[in-house]
Each structure stands twice: as C-alpha cells, then as structure tokens.
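Student: If you want the working numbering, it's the position in the sequence shown, counting the first as 1, plus 21.
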Amino acid sequence: MSKQTTRRGPGGGHGPRGIGRPVEKAKDFRGTMRRLVRYMGPFKWSLLVVFVATLLSTLFSILSPRILGQATTVLFDGVLARMHGVPGAGVDFAAIGRILTMLAFVYIVSTLFSYIQQIIMVHVAQKTVYNMRKDINHKLARLPLKYYDTNSHGDTLSRFTNDVDVISQSLQQSVIEAMSSLITIVGVTIMMLTISPILTLFTVGMLPLSGGLSAFIASRSQKFFVRQQNILGELNGQVEETFTGHTIIKAYGLENDAAENFKKVNEELYTNGWKAQFVSGTIMPLIRFVGNLGYVVIAVVGGLFVTQGNITIGNVQAFMQYSRQFGMPITQLASIVNILQSTVAAAERVFELLDEEEEAADKPDAMVLHEPQGRIGLHGVTFGYDDNPVLKNLNLDVEPDQLIAIVGPTGAGKTTLVNLLMRFYDVNQGSITFDGHDILQIKRSNLRRMFGMVLQDTWLFEGTIKENIAYGREGATDEEILEAARAAHVDHFIRTLPEGYETVLTEDASSISQGQRQLLTIARAILADPAVLILDEATSSVDTRTERLIQEAMGRLMEGRTSFVIAHRLSTILDADRILVINHGEIIEQGTHEELIAQNGFYAELYNSQFVAAMA
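1) Counting only runs of 3+ residues fully inside the region 399-482, write out the beta strand (DSSP E) ranges in chain order.
2) Using 10 angstroms around the beta-carbon of residue 435, count the other beta-carbons present and answer buried if the total reaches 16, otherwise exposed.
3) Using C-beta distances below 6 Å, list every residue in its chain close to residue 556, excluding the 5 sequence neighbours before and after it, in chain order.
4) Please go through the same chain and pick out, in chain order, the residues whose beta-carbon is closer than 6 Å to the beta-carbon of residue 542, but skip the five residues on each side of it.
5) Thinking C-alpha only, which one of 596, 393, 592 and 558 is nearest residue 576?
6) Is residue 518 buried or exposed, if buried means 16 or more other CB atoms sit within 10 Å of its CB?
7) Indicate whether residue 354 and residue 146 have their beta-carbon atoms separated by less than 8 Å.
8) Suppose contacts are defined by Cβ-Cβ distances below 8 Å. Is residue 94 in contact with residue 333 by that definition?
9) What is the residue span of the alpha helix (DSSP H) that residue 225 lies within?
10) Straight-line CA distance for residue 282 to residue 424?
11) Are residue 447 and residue 468 closer than 8 Å when you measure CB to CB?
12) Under 8 Å between the Cβ atoms of residue 499 and residue 506?
13) Contact check, residue 426 vs residue 594 under 8 Å by CB: the rounded distance?
14) Quick one: what's residue 388 bridged to in DSSP?
15) Taking residue 280 as the reference, which of 294, 297, 262 and 292 has the closest Cα?
16) Beta-carbon separation of residue 349 and residue 319 under 8 Å?
17) According to DSSP, is residue 145 helix, strand or coil?
18) Taking 8 Å as the cut-off, decide whether the C-beta atoms of residue 380 and residue 465 are in contact.
19) Residue 185 and residue 371 look like a contact to me (Cβ under 8 Å); what is the Cβ gap, rounded to whole Å?
20) Which first and last residues belong to the beta strand (DSSP E) in which residue 499 is found?
21) Could you give the residue range of the beta strand (DSSP E) that holds residue 604?
22) Out of 607, 176 and 114, which has the shortest C-alpha to C-alpha gap to residue 641?
23) Compute the Euclidean distance between the alpha carbons of residue 419 and residue 273, then round it to the nearest angstrom.
24) Whole-angstrom Cβ separation of residue 120 and residue 92, contact assumed at under 8 Å?
25) Can you give the beta carbon distance from residue 327 to residue 337, rounded, assuming they're within the 8 Å contact cut?
26) Would you kindly check if the distance between the Cβ of residue 53 and the Cβ of residue 311 is under 8 Å?
27) Provide the residue span of the beta strand (DSSP E) that contains residue 610, from first to last.
28) Just mark residue 211 as buried or exposed, buried being the case when its beta carbon has 16 or more other beta carbons within 10 Å.
29) Answer yes or no: do residue 149 and residue 192 have a C-beta to C-beta separation smaller than 8 Å?
30) Excluding the five sequence neighbours on either side, which residues of its own chain have a C-beta within less than 8 Å of the C-beta of residue 113, listed in chain order?
31) Go ahead and label residue 169 buried or exposed: buried means 16 or more other beta carbons lie within 10 angstroms of its beta carbon, across all protein chains shown.
32) For the putative contact between residue 77 and residue 134, defined by C-beta atoms under 8 Å, what is the C-beta separation to the nearest angstrom?
33) Does the separation of the CB atoms of residue 414 and residue 405 fall below 8 Å?
34) Could you check where the alpha helix (DSSP H) with residue 532 kicks off and where it finishes?
Here is the structure:
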C-alpha cells in the first residue's frame, strides 16, 4: 500500500483536520523538509507577499472584536444613563454608526487580503507540484528497465499521483493556516492582555485541559484509523481484482462468492470507520465543553469587574470573542503538525523515486551509426539479475539479412537476451557488438532506434489508429501509414470502422480484438523501418489464416534486415536461417530446422511433442 494519509479535505470528518488521524512519519524529517522548501525556493517573493497579506488579514480580523466592543459599550452606557434618569442621556447612534462603519471597513480589508493570500498561495502550491510532477516524469524516462522489473507499478503510480496530491493539498492549505494561527495567537494574546491580564490568565489556564483531552482521545482513535486504512487497501485490491477478472468470475459462476467476499471486507471497513469517526468526533464537543466552562468563568469574573468599574461591558464581550479565537489556532497548529508529518512522509516517497539510480549515461565519445547493417556479435556474454546467472558464456555471430529464431523452455533466458541486445540491461561479462562496434560505445537512443519490437503483449495508447501506427516513426506521412497498414494486412479492417484511420482507441483498446491490436503493432513496426527486428511470438493472437498473411508480410519486411524471433510455436520458424535452442542460460543446440531434427536432440523432442499434440 502507498504510505500516505487519506484526508477528506478541510475538517477531515468530525473535528479539526488532522486530529485523531493516522500519521505516517518520515525517516529523515529535517532533510526532506529542507528539500521540499528548496522546491518552493523560486517562489520566495510570492511567499513573502503571502506572509504580508496573511499578517494584514489576520491583524484586521483581530481588531474587529475590540471595535465591536466599543459599539456595545456606547450602547450600554447610553441605556444605563437613561435608566438612571440622567438629563439628555440616550444612545449615541451617530457614534455607533461611525464605529460600525469602521468595523465594516476592517472586515472588507481583512477579506481583501485573505483573497490575495489565497490566490497567490494556490499559484505557488500548484506551480511547485507542477515542477515536481515534471521532474518525476523526466525521471521515469531515465530509469532503467531494472527499476520497473523490481518495483510495483501501482506503488510508482501512487508516488506520482497520490503522494504529490498530498503535498499539493498541504502546501495549499496548511502554509496559510500555520501563518495565520501563529499571528492570531500572538495578536490575540496581546489584545487580551491589554483588556485584562487576570482574565487572560484564566483563559490560558484552560489550555492544558483541552490539550490533554485531545491527546487522550487521539491516542485511542489512532488504532482504528490505522486499521481503517489497511482494510481500505484490501478493499481496493479486491475491487480491482473483481473488475479485471470479471469475465472469469462470470464464466465460473462465482458472482455470489465475489459479492460475499466484498461484503465481509466492506462490513469490517464500516465497523472500524464508524469507531474511528465516533471516537475522533468526541474531540470537538469536549473542547467546546471546556471552552464553555472558560466562557462562564470569564462572564462571571468579567461581570464582577464591570460592577467595580475595572472594565467596560464592551471589553468583556470582546474578551470572550478573543478567548474563542485563542483556542482554535492552537488546535489548528496541533493538526497542522500531524498533517506536516504526513506531507513530509509523502515528499520523502517522491524524493526516493527522484533519487533512484538512472541508466548509465552515454560515454562522452559515444558514436552514432547512420547506416546500420545489422551485424551482431555476442562474445562470452554472461548476465544475471542477481547472483545467479541467467545467461552463461554466450557466443554468437549474426550476419545481416539473417533470421535467427530463439526457442527454449520458459525461464531459459530468451527475453533476457533481447533485453541485452537493446541495452535495457548491460552484460556482467563479455561484450555485444553491433556492426563491429561494442554497443557500450554507441549512444543508447541511437542503438534502440535501430531495433523494432513486436511483443506478445500489445501496447496501444488512447488516440486514433493513425496516431498509434505512426508512433513508431516521427513525421510519417499518411501514405506511409497506409502502406504499413496494407503490409500488415490491417488496412481492410480499419476501413470497415465508422471513422476509419481516425477511429479513437481507448487506453486498453477494448473496442477491437486482441488479434487486431496485434496487427496494429505489427504495422507500427513496419512503419518504423528498423535495421533489426525483434518478434516475441508476434502472431500468437491471430487466427491461422491471418498468421500466414502476416508471415508473408514479415518475410518481405525482413528482407535486408537482421531478425530475431522468439517462438513457442515451432511451426512459425521452419524457414529460419538459424535456430538457437537455449536452456538454463546456454545455447545447447543451433542450426537449421532440418539440421536440428537430424540431431534428434532437445529441439527434435520439443518439435515432435508439438506435432503430436497438434495431430491428437
């Protein structure tokens, strides 16, 4: 599962945002925080404007209770004087009007600066994560195949999307909240002290009780939130399996079993979610209860001070508002600390991805082959993904225009050999040459452009059929795309579609058959016009008639090109110039089909077993 904290936006359910939530802690909080701050470095002047706007907005907001208290005092004094029969006494509505006008001005200015800070901070946050996503995207393009082979694709996607989203939300909300909370605490404390140091002492004395209750409840709800997140991961995994395997589930009539399994996990999620929300939801009512106790104390003591003439009634009202404002920023800061922990943990996961070892850079004197011939040699090649070698001391010389078939049992090293040819991995020992040059001396991008691949697992992206075919060759003309489609025997099928070549395929291309998807990838390879072709069971998903047509097209395509064919159906490689039989990482037999059959060895046994199976 992704190490992240799921939030439901501001408020996070019941109670202050972040209170009672599970917190993922970073391994290196300070180092990651410094690195995250550096990402915001280009926007330091914008952040300064945000700070000034937050300062002014908060200060004007802090002034409003004091101003409103003045209006209350004027009103109270006027009514009190009239009650005592003071001649000409009454409420000075003109003075109240001036005070309310000033109050409206303060509210408008505070709102204006609040709007400014929000606009600028949204820009800073979004631009920061924009740069972060751009860096991640560039990083993914530079990572070696080893990374994708050894890391979960879902985890990598989670770092790219969910973790960056956590950072975005935190920067956008928590930075301003932290600034505003700190300024509010200082400003409100000063205002309360100017009104009454004694009442301020009562207000501050309530904080330990509120903090203790919050910490106690948060510690109790934490285990429920953690379990809720774990179960949510299980539920997501189960839903994904059910949807991706819905055809098999229906075929075996196991819909009820799938629904029952979902029900069990869903009920457990409901139980833990209910407990987590209920326990954490008691925080705010208890904090309000303690706050109300504080208001009672302030009202009673303040009332006594009013009767003694030590304080005005308006200042008592203002102080009660300040005491309410004083408690909330402290609670917000506590939640922000929790959110900051989760944010830094998410940032750490992103930086771990950005720090992954990249593909080795090309040597400064790396060459570019402008007219590749396709002569390939393997000299004492040994390679293993770990301590156990997959290929052992391979030696092979392939001339241009040769068709080399590679056969062998699963796990023998066939695909590994292809990975080495294209430098997805580099050999541990020995060397591989292309046209007499060690491939380590050739620019990696140039080397890979000289290869064309058609894999058993087709890959098409969301776009038109024409765009998918043209993916193999930048700047291809419409006529060249049509010729490639005709050579792959897919032109007729495309023209039967309502939009023809402009038909838009979905990401999984579910609107066409697997065989048709394979034909499109073959057309893409034909259009690329590479010097070397690699076909990994490229016709496995088409019918026999289409397979024969594709083989004919491939025969024309392979003319003048070196071709490697990984085959499981041996009937497709009978015309190969040389067949390599690989087992346990070694070439145990090689020759033409007739030569290998005559040897009556491993290949002959494999071929005869398929022939017998086909005749049965």
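The beta carbon of each residue, even a glycine, is placed where N, CA and C say it ideally should be. This structure is a prediction, so every number in the text was calculated from the model and none was measured.
Tutor: The relevant details are as follows:
1) 412-419, 424-428, 450-455 and 472-475
2) Position 414 of the sequence shown, counted from the first residue, corresponds to residue 435. Classification for residue 435: buried.
3) The residue labelled residue 556 in the question sits at position 535 within the sequence shown. Within the same chain, 475 and 586 come within 6 Å of residue 556 by CB-CB distance, once the 5 residues on both sides are set aside.
4) As a first step, residue 542 must be located in the sequence shown, where it is residue number 521. The answer, listed in chain order, is 475 and 479.
5) By 1-based counting over the sequence shown, the position of residue 576 is 555. For the residues 596, 393, 592 and 558, the minimum Cα distance to residue 576 belongs to 596.
6) For this step, residue 518 is matched to residue 497 along the sequence shown. Under this definition residue 518 is an exposed residue.
7) In the sequence shown, the residue the question calls residue 354 occupies position 333. In the sequence shown, the residue the question calls residue 146 occupies position 125. Annotated as distal: residue 354 and residue 146, with beta-carbon spacing of 8 Å or more.
8) By one-based count along the sequence shown, residue 94 stands at place 73. By one-based count along the sequence shown, residue 333 stands at place 312. Contact flag set, yes.
9) Residue 225 sits at position 204 when you count from the first residue of the sequence shown. Per DSSP, residue 225 belongs to the alpha helix (DSSP H) from 218-226.
10) On the sequence shown, residue 282 is found 261 positions in, with the first residue counted as 1. On the sequence shown, residue 424 is found 403 positions in, with the first residue counted as 1. Going from the Cα of residue 282 to the Cα of residue 424 covers about 51 Å.
11) Translated into positions along the sequence shown, residue 447 becomes position 426. Translated into positions along the sequence shown, residue 468 becomes position 447. With a cutoff of 8 Å on beta-carbon distance, residue 447 and residue 468 are scored as not near each other.
12) Here the question's residue 499 lines up with position 478 in the sequence shown. Here the question's residue 506 lines up with position 485 in the sequence shown. For residue 499 and residue 506, no; Cβs fall outside 8 Å.
13) By 1-based counting over the sequence shown, the position of residue 426 is 405. By 1-based counting over the sequence shown, the position of residue 594 is 573. Between residue 594 and residue 426 the Cβ distance is about 4 Å, and since that is below 8 Å, they are a contact.
14) Your numbering for residue 388 matches position 367 in the sequence shown. For residue 388, which the question treats as bridged, DSSP gives the partners 463.
15) Position 259 of the sequence shown, counted from the first residue, corresponds to residue 280. Of the listed residues, the one whose Cα sits closest to residue 280 is 262.
16) Translated into positions along the sequence shown, residue 349 becomes position 328. Translated into positions along the sequence shown, residue 319 becomes position 298. No. Outside cutoff.
17) One-based indexing of the sequence shown puts residue 145 at position 124. If DSSP states are grouped into helix, strand and coil, residue 145 belongs with the helices.
18) Start at 1 with the first residue of the sequence shown, and residue 380 comes out as number 359. Start at 1 with the first residue of the sequence shown, and residue 465 comes out as number 444. Yes; because the gap between Cβ atoms is below 8 Å, this pair is in contact.
19) Within the sequence shown, residue 185 is the residue found at index 164, counting from 1. Within the sequence shown, residue 371 is the residue found at index 350, counting from 1. With a Cβ gap of about 6 Å, residue 185 and residue 371 count as contacting.
20) Reading the sequence shown from its first residue, position 478 is the one you call residue 499. Careful: residue 499 lies outside any beta strand (DSSP E), inside the alpha helix (DSSP H) at 499-508.
21) Along the sequence shown, one-based indexing puts residue 604 at 583. That run of the beta strand (DSSP E) goes 599-604.
22) Summary: the structure shown does not reach residue 641, with the chain confined to residues 22 through 637, and so no result is reported for it.
23) Position 398 of the sequence shown, counted from the first residue, corresponds to residue 419. Position 252 of the sequence shown, counted from the first residue, corresponds to residue 273. So the two alpha carbons sit approximately 49 Å from each other.
24) Counting from one through the sequence shown, the residue named residue 120 turns up at place 99. Counting from one through the sequence shown, the residue named residue 92 turns up at place 71. Between residue 92 and residue 120 the Cβ distance is about 4 Å, and since that is below 8 Å, they are a contact.
25) If you number the sequence shown from 1, residue 327 lands on position 306. If you number the sequence shown from 1, residue 337 lands on position 316. The C-beta separation of residue 327 from residue 337 comes to about 6 Å, placing the pair in contact by the 8 Å criterion.
26) As a working mapping, residue 311 is identified with position 290 in the sequence shown. As a working mapping, residue 53 is identified with position 32 in the sequence shown. No, the Cβ-Cβ distance between residue 311 and residue 53 is not below 8 Å.
27) By one-based count along the sequence shown, residue 610 stands at place 589. That run of the beta strand (DSSP E) goes 607-612.
28) Here the question's residue 211 lines up with position 190 in the sequence shown. Burial call: exposed.
29) One-based indexing of the sequence shown puts residue 149 at position 128. One-based indexing of the sequence shown puts residue 192 at position 171. Closer than 8 Å, so yes.
30) Within the sequence shown, the letter at position 92 stands for residue 113. Answer for residue 113: 95 and 99, listed in chain order.
31) By 1-based counting over the sequence shown, the position of residue 169 is 148. By the 10 Å Cβ count, residue 169 comes out exposed.
32) Reading the sequence shown from its first residue, position 56 is the one you call residue 77. Reading the sequence shown from its first residue, position 113 is the one you call residue 134. Contact between residue 77 and residue 134 holds: their C-beta atoms lie close to 5 Å from each other, under 8 Å.
33) Taking the first residue of the sequence shown as position 1, residue 414 is located at position 393. Taking the first residue of the sequence shown as position 1, residue 405 is located at position 384. The answer is no: Cβ separation not under 8 Å.
34) Stepping through the sequence shown from its first residue, residue 532 is reached at position 511. First-last for residue 532: undefined, no H or E at that position.
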